[in-house]
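> To convert a position in the sequence shown, counted from 1, into our numbering, add 1480. C-beta: ideal position from N, C-alpha, C; glycine also. All values derive from a computational prediction rather than experimental measurement. Below are the structure tokens for one structure; questions will follow.
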Amino acid sequence: MTIAVSDTLTATASEISTSATSEVASGGGITIRANTIGLRNDSDIETNVAGAGTGGDIVVTAGAVVAYDDSDILAYALDGRGGDVQLNTDLFLGEGYRPAPEGIDLRSLDGNDRVDVNASGAIPGSVSLPDVSFIQNSLSELPQVPVDPDQLLANSCIARSDPRGSFIVTGAGGLPSRPGTAMASPFPTGTVQAIPQERSVDASAPGAEDEYRWQPGEPIVEPQGVYQLPDGRLVMSRECSQM
């Protein structure tokens, strides 16, 4: 029996099997080719020979074979040599699968709530499966409580590595006047002038008002814009009055 599927072969509560009674000849073999094969709800792939004949071979070729719900792949011969089972696949996942001992009765492998791949007979046949030990050995048991929330909250804090502050101007947002043009700068681009040297000024003298410096308690004059100093720093200030 040969089954060729271009995409996915899914068997649900069904059976793909051959059965024969032979004292000399081999039983019917099964060859299945598909991209992915899924067996579920006790779906079996089985060859069975009653007599001294050799059990039929089972050859499954697929990118992945997934079996669960007590689905089995069995090549059985009552008094002869069991057939060979060969899974040509990169991935085989069987729910609860573990190798059965040699000479086990085929009937005991059905209804045991696990997946079995077996080639039993008076002389056991061979079973060829992909090596999935790298997946099994890489799994580790997770703790009951992966993270202790109390400990996590108790040790939470924000570490400040730099005591200095900073002021960053990123722009006022909005949209350009038309597509393809740059954003207009909302800040004045005047030149920052040096602060006059502090000296005593007679407030009553003519012209002293322009030279008078701000004193604590007096009204605060709002800055006119943000200016860039020669060293790259930005300051908020106002333009000096023109003398």
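1) In chain order, what residues of the same chain lie with their CB nearer than 8 Å to the CB of Leu-1481, ignoring the 5 residues before and after it?
2) Please list, in chain order, all residues of the same chain as Ser-1523 whose beta carbon is under 7 Å from its beta carbon, the five residues on each side excluded.
3) List in chain order: all unbroken beta strand (DSSP E) runs of 3+ residues lying wholly within the region 1562-1622.
4) Any contact between the region 1557-1565 and the region 1526-1536? By contact I mean 3 or more CB pairs, one from each, below 8 Å.
5) Just to confirm my understanding: we take Leu-1519, look at its own chain, exclude 5 residues before and 5 after, and list those with CB closer than 6 Å. What are they?
6) Grouping DSSP H, G and I as helix and E and B as strand, with all else coil, what is Tyr-1556?
7) Out of curiosity, what's the CA-to-CA distance linking Pro-1610 and Ile-1483?
8) Compare the beta carbon distance of Gly-1543 and Ser-1600 with 7 Å and say whether it is the shorter of the two.
9) Put Met-1716 into one of helix, strand or coil per three-state DSSP.
10) Going by DSSP in three states, Glu-1702 sits in which element: helix, strand or coil?
Quick look at the numbers:
1) First, the residue type needs correcting, since residue 1481 is Met and not Leu in the sequence shown. Taken in chain order, the residues that qualify are Ile-1496, Thr-1498, Gly-1508, Gly-1509, Ile-1510 and Thr-1511.
2) Ala-1491, Thr-1492, Ala-1493, Ser-1494, Glu-1495 and Ser-1551
3) Fully enclosed beta strand (DSSP E) runs of 3 or longer: 1565-1568, 1571-1574 and 1596-1598.
4) yes
5) Hits under 6 Å: Ala-1491, Ala-1547 and Ser-1551.
6) strand
7) 21 Å
8) Taking the C-beta atoms as reference points, Ser-1600 is found no nearer than 7 Å to Gly-1543.
9) Met-1716 carries a strand assignment under DSSP once its states are collapsed to helix, strand and coil.
10) coil
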